[in-house]
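Chemist: Numbering (my numbering), first residue to last: 5 to 390.
Here a beta-carbon is modelled for each residue, glycine too, at the ideal position from N, C-alpha and C.
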């Protein structure tokens, strides 16, 4: 609608210019280079000229009425002793034909084309009766060119509008897919955190039972189970706080298998090697005492990065590095192989999931292509994020 009103203002301005030119040439005198002298009553000629120039202002909004007005006048024979052969009027008629072509389609376009043809036949009728078919040949050519140009502009504009709508729809679908991936990943994280917390609570129950039995006959030995309960409880509380920030899907059955850990990386790497991707592992520092949630997220980030490399890279050597630094654990997956078919490893839902896992523990994830054609994924997870 904004484009229509902008074009409408232009049409009004053009109509005003044509009106000013024709009125000047009627009342003051036409240019002898492009026009023949006007003959007849100036007030009458002025009204006739307005019938040609003013429809330009509304030809885009009301193409059939505008076209009917100008072509009806164009077809009328000149009254005796009247001549109004101005080039500006001819241009105004051609412009109305063009605007009608850009603004009509289907049956309306057929009606508009018929009006143009009938109007020109009416203007040619005296010559056609004499058998002179060449007297107004140039007018037919100009009207045909104006119509073809108008239709070309209309089809081009419609194609541009379709492409713009497709781009908007594609962007909407992409945003929807990203949001769906976020929801799915958060639900998955929530399920895993549920299992971590459930395991911690079960462990606390067992430790509390051991402490209770030790209190009866060896109170000093109850100290160690109580300390373990305290440590496990803190970890469980941290996981509970995180679990409250994510959504869990309803009606889904939890898997009973134990949650993976960085201590199980040898199994994952063995699967990747069996699939044809050589993987090297380097561990700097101990990862045996990591909080369970951090341990699980680190494992999942490595797993997702390796899966993306397996799907999208050329199966060259991949290096996995795990490093314990102060109060954080750092995991890095370096894929030295070029991407296959233009797909970068880590682009898409997998990368979204990895970022969600890192952000859940107050960490950060960096992922991007290497200068040599590979792809790197690096995540840093604080150990005290709870």
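(1) Which term fits residue 329, buried or exposed, when burial requires 16 or more other beta carbons within 10 angstroms of its beta carbon?
(2) Determine which residues share a DSSP beta bridge with residue 34 and list them.
(3) Where residue 309 and residue 268 are concerned, what is the direct C-alpha to C-alpha distance, given to the nearest angstrom?
(4) Just checking residue 226 against the ligand FMN - is the residue's beta carbon closer than 8 angstroms to any of the ligand's heavy atoms?
(5) Hey, residue 90 and residue 39 are a contact pair by Cβ (cut 8 angstroms); roughly how many whole angstroms apart?
(6) Check residue 259 in the structure and name its three-state DSSP category.
(7) Tell me, which residues are paired with residue 43 by DSSP?
(8) Just the Cα atoms here: how many angstroms apart are residue 62 and residue 132?
(9) Using CA atoms only, rank isn't needed, just tell me which of 151, 355 and 8 is closest to residue 109.
(10) To which residues does DSSP link residue 27 through a beta bridge?
(11) Inspect the CB distances between the region 90-103 and the region 22-35 and report whether three or more fall short of 8 angstroms.
(12) In angstroms with no decimal places, state the Cα-to-Cα distance between residue 173 and residue 179.
(13) Within 10 angstroms of its Cβ, does residue 372 collect 16 or more other Cβ (buried), or is it exposed?
(14) Using DSSP with H/G/I as helix, E/B as strand and the rest coil, what is residue 115?
(15) So, at 6 angstroms on beta carbons, what are the nonlocal neighbours of residue 381 in its own chain, with the 5 sequence-adjacent residues on each side left out?
(16) In three-state terms, what does DSSP make of residue 384?
Modeler: This is what the structure gives:
(1) The residue labelled residue 329 in the question sits at position 325 within the chain shown. With fewer than 16 other Cβ atoms inside 10 Å of its own Cβ, residue 329 counts as exposed.
(2) Residue mapping note: residue 34 aligns to position 30 of the chain shown, counting from 1. According to DSSP, which records beta bridges pairwise, residue 34 is partnered with nothing at all.
(3) Here the question's residue 309 lines up with position 305 in the chain shown. Here the question's residue 268 lines up with position 264 in the chain shown. Going by the C-alpha atoms only, they are around 16 angstroms apart.
(4) Absence of the ligand FMN from the depicted structure is noted, as is the absence of any ligand whatsoever, leaving it without description.
(5) On the chain shown, position 86 is the one that residue 90 refers to. On the chain shown, position 35 is the one that residue 39 refers to. With a Cβ gap of about 5 angstroms, residue 90 and residue 39 count as contacting.
(6) The residue you call residue 259 lines up with position 255 of the chain shown. Confidence at residue 259 is low in this model, with a pLDDT of 44, below 50, so its placement is unreliable and the value that follows should be read with caution. Collapsing the DSSP output to three states places residue 259 in coil.
(7) By one-based count along the chain shown, residue 43 stands at place 39. Its beta-bridge partners are 87.
(8) Working through the chain shown from its first residue, we reach residue 62 at position 58. Working through the chain shown from its first residue, we reach residue 132 at position 128. Straight-line Cα distance between these residues: approximately 32 angstroms.
(9) Indexing the chain shown from 1 puts residue 109 at position 105. Minimum Cα-Cα distance from residue 109 among the listed residues 151, 355 and 8 corresponds to 151.
(10) Numbered from its first residue, the chain shown carries residue 27 at position 23. Partner(s): none; residue 27 has no beta bridge.
(11) Contact between the region 90-103 and the region 22-35 is present, because at least three Cβ pairs lie under 8 angstroms.
(12) For this step, residue 173 is matched to residue 169 along the chain shown. For this step, residue 179 is matched to residue 175 along the chain shown. C-alpha separation (whole angstroms): 10 angstroms.
(13) Here residue 372 corresponds to residue number 368 of the chain shown, with the count starting at 1. It counts as exposed.
(14) Numbered from 1 along the chain shown, position 111 holds the residue referred to as residue 115. In this structure, residue 115 counts as helix in the three-state DSSP scheme.
(15) Within the chain shown, numbered from 1, the residue matching residue 381 stands at position 377. If we look at residue 381 and ignore the five residues flanking it on each side, its Cβ neighbours are 309, 337, 350 and 371.
(16) To locate residue 384, count along the chain shown from 1; it is residue 380. The answer is strand: DSSP assigns residue 384 an E or B state.
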